[in-house]
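Residue numbers (my numbering): 162 to 571.
In this text, a Cβ means the ideal position worked out from N, Cα and C, and glycines have one as well.
Here is the structure:
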């Protein structure tokens, strides 16, 4: 019987991780027979955890229920107390400088995802599926004012397509965006907010999609047409990128030399966006499978079977929502300079000036509207990361060169 080894990867820092993992594994057990056809599928778990993110401890991740442990052929943890032997070997290898290794395995989510990726390659996985600890294997659609829920076969959906692709990426519904539903007024009008969003956005986060999202209360509903058609499609090249997300993402590892590292500038996110800029010659397929993103951690009871008929709108009445929105904006402007430098180098300076001007015009309005002076930090961070854009670009290039060196040793 043919064997397929599939890694399940998490870069996590939430206590909720174990419950989310359990939900995926129960879904797998209920559906794996649909895939057999003379093939035996063996699952392996890879977890990179961060105890500082939410003040947790290592045992919050490593003490898994026995039934979950038994479902995997192997379990690998990467954390402060669980140094990965393959990483230690690289650190002790004189062919690599500390600067090179830090470009790939530094702090941040990119470093954690790369640690999971190298561990899966070392263990000879055929494929690696990245999941997030705030995304659940279900889809929500809307019929009039009522939510309709459906379970999603995430593992199977990827396994059906990844054999003929370099990457497969599923879809997301729920609370994907941190942007709240804004009631425009004399302080913050729609045109000013549009100018702000266009300044910090990319081809995925843009005014058209954000306006539609705000009209739905900040909730993204799964497409009934996509679910019914149940057909994978090629991800198009747009603006030099094949845009993917970092979770509900499967990577074909059968030829490690074709894999690529994740990257983010220090202190920023965007590791999936920067990977997207490298996928022009890769086969990337979008699969008709959703995960529900619980971006505000308010629907954890979904995993207990409590399915609401309506989802709450995300409004500016919540201090938690507003803080998350501010932090997201800072994260976006931290990686916007490098993203622009990579995708439009000839236009970089012109666009930088335009973005700076837009921020100068709109941030006073945002600070007044939200009664939060920290919105001015967005301009400060943009200036800081703009000044360092060439340095960050060199780090981005170094991460690719270092990864290629590592793959030549595998």
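- [ ] Would you identify the three-state DSSP class for residue 303, choosing helix, strand or coil?
- [x] Under the three-state reduction of DSSP, residue 303 is assigned to strand.
TODO: Could you please give me the residues that DSSP links to residue 163 through a beta bridge?
DONE: Secondary-structure assignment with DSSP links residue 163 through a beta bridge to 200.
Open item on the list: For residue 161 and residue 267, which I take to be in contact (beta-carbon distance under 8 Å), what is that distance rounded to the nearest angstrom?
Closed with: Lying before the first or after the last residue shown, residue 161 is absent from the chain, which here runs from 162 to 571.
TODO: Assuming residue 516 contacts residue 336 (C-beta within less than 8 Å), just tell me the rounded distance between them.
DONE: Between the beta-carbon of residue 516 and that of residue 336 there is about 27 Å, and that puts the pair past the 8 Å contact cut.
Open item on the list: Taking its Cβ as the centre, do 16 or more other Cβ atoms sit within 10 Å of residue 425, making it buried, or is it exposed?
Closed with: Answer is buried; the Cβ neighbour count reaches 16.
Open item on the list: Taking the beta carbon of residue 358 as the centre, do at least 16 other beta carbons fall within 10 Å, making it buried, or is it exposed?
Closed with: By the C-beta density criterion, residue 358 is buried, having at least 16 other C-beta atoms within 10 angstroms.
TODO: Could you tell me if residue 483 is buried or exposed, where buried requires 16 or more neighbouring beta carbons within 10 angstroms of its beta carbon?
DONE: Buried: at least 16 other Cβ atoms inside 10 Å.
Task: As assigned by DSSP and simplified to three states, the class of residue 461 - done: For residue 461, the three-state secondary structure derived from DSSP is helix.
Open item on the list: Let's see if you can read the secondary structure: which residues bound the beta strand (DSSP E) around residue 523?
Closed with: Careful: residue 523 lies outside any beta strand (DSSP E), inside the alpha helix (DSSP H) at 509-531.
TODO: Look at the alpha carbon of residue 529 and the alpha carbon of residue 458, and state the distance between them as a whole number of angstroms.
DONE: The alpha-carbon of residue 529 is positioned some 27 Å away from that of residue 458.
- [ ] Just mark residue 445 as buried or exposed, buried being the case when its beta carbon has 16 or more other beta carbons within 10 Å.
- [x] By the Cβ neighbour-count rule, residue 445 is buried, with 16 or more other Cβ atoms within 10 Å of its own.
Open item on the list: Along the chain, where does the beta strand (DSSP E) containing residue 412 start, and where does it finish?
Closed with: It spans 410-413 - the beta strand (DSSP E) in which residue 412 sits, taken as one unbroken run.
- [ ] Could you check the C-alpha separation between residue 376 and residue 342 for me, to the nearest Å?
- [x] For the pair residue 376 and residue 342, the Cα-to-Cα distance works out to about 7 Å.
TODO: Using alpha carbons as the reference points, say which of 276, 237 and 271 lies closest to residue 252.
DONE: With distances taken between Cα atoms, residue 252 lies closest to 276.
Task: Contact set for residue 580: own chain, Cβ-Cβ below 6 Å, skip 5 residues either direction - done: Limits of the chain in this structure are 162 at one end and 571 at the other, which puts residue 580 out of reach.
Open item on the list: Spatial neighbours of residue 490 within its chain, please: C-beta separation below 7 Å, excluding the five flanking residues on both sides.
Closed with: So the list reads 361 and 539, once near-sequence residues are dropped.
Task: Residues near residue 190 by beta carbon distance below 8 Å, same chain, minus five either side - done: Excluding five sequence positions before and after residue 190, the CB atoms of its chain that fall closer than 8 Å to its own CB belong to 232, given in chain order.
TODO: Let me know the secondary structure DSSP gives residue 370 once reduced to three states.
DONE: DSSP places residue 370 within a helical segment (H, G or I) once states are collapsed to three.
Task: Rounded straight-line distance, which links the Cα of residue 249 to that of residue 418 - done: Going by the C-alpha atoms only, they are around 21 Å apart.
- [ ] With DSSP as the reference, please indicate the residues paired to residue 173 in a beta bridge.
- [x] The partner list for residue 173 (beta bridge, DSSP) reads 210.
- [ ] Can you give me the Cβ contacts of residue 456 inside the same chain, cut-off strictly under 6 Å, excluding the 5 residues immediately before and after it?
- [x] Its chain contains 336 as the residues whose beta carbon lies nearer than 6 Å to that of residue 456, once the 5 sequence neighbours on both sides are disregarded; these appear in chain order.
- [ ] Could you name the residues of the same chain whose beta carbon sits closer than 8 Å to that of residue 544, not counting the 5 residues immediately before and after it, in chain order?
- [x] If we look at residue 544 and ignore the five residues flanking it on each side, its Cβ neighbours are 517.
Task: Those runs of the alpha helix (DSSP H) which lie wholly inside the segment 326-401 and span at least 4 residues - done: Every unbroken stretch of the alpha helix (DSSP H) spanning 4 or more residues and falling wholly within the segment 326-401 is given here in chain order: 351-361, 368-376 and 385-390.
Open item on the list: Here's the rule: buried if 16 or more other CB atoms are within 10 angstroms of the residue's CB, otherwise exposed. What is residue 460?
Closed with: Buried, because 16 or more other Cβ atoms sit within 10 Å of the Cβ of residue 460.
Task: When 328, 339 and 435 are compared against residue 488, the one with the closest alpha-carbon - done: Answer by Cα proximity: 339.
Open item on the list: Please return the same chain residues whose Cβ sits closer than 8 Å to the Cβ of residue 554, not counting the five positions on each side in sequence.
Closed with: Result list for residue 554: 499, 502 and 503, in chain order.
Task: Three-state secondary structure assigned by DSSP to residue 405 - done: DSSP places residue 405 in coil when its eight states are reduced to three.
Task: Proximity of residue 513 and residue 547 at Cβ, strictly below 8 Å - done: The answer is yes: Cβ separation under 8 Å.
TODO: Given a cut-off of 8 Å, decide if residue 167 and residue 204 are closer than it, judged by their beta-carbon atoms.
DONE: In contact: residue 204 and residue 167 (Cβ atoms closer than 8 Å).
TODO: Give the DSSP bridge partners of residue 468, in chain order.
DONE: None; residue 468 has no bridge partner.
Open item on the list: Please state whether the Cβ-Cβ distance between residue 411 and residue 323 is less than 8 Å.
Closed with: The answer is yes: Cβ separation under 8 Å.
- [ ] Starting from residue 308, follow its DSSP beta bridges and name the residues at the other end.
- [x] Looking at the DSSP output, residue 308 shares a beta bridge with 303.
- [ ] Return the chain-ordered list of same chain residues with a C-beta closer than 6 Å to the C-beta of residue 180, the five sequence neighbours on each side being excluded.
- [x] Short of 6 Å from the beta carbon of residue 180, and not among the five residues preceding or following it, lie these beta carbons of its own chain, in chain order: 464.
- [ ] Could you tell me which residues DSSP pairs with residue 239 in its beta bridges?
- [x] According to DSSP, which records beta bridges pairwise, residue 239 is partnered with 209.
Task: Alpha-carbon spacing of residue 304 relative to residue 533, whole angstroms - done: So the two alpha carbons sit approximately 38 Å from each other.
Open item on the list: If the criterion is Cβ atoms closer than 8 Å, does the pair residue 257 and residue 274 meet it?
Closed with: Against a cut-off of 8 Å, the Cβ pair of residue 274 and residue 257 comes out as no contact.
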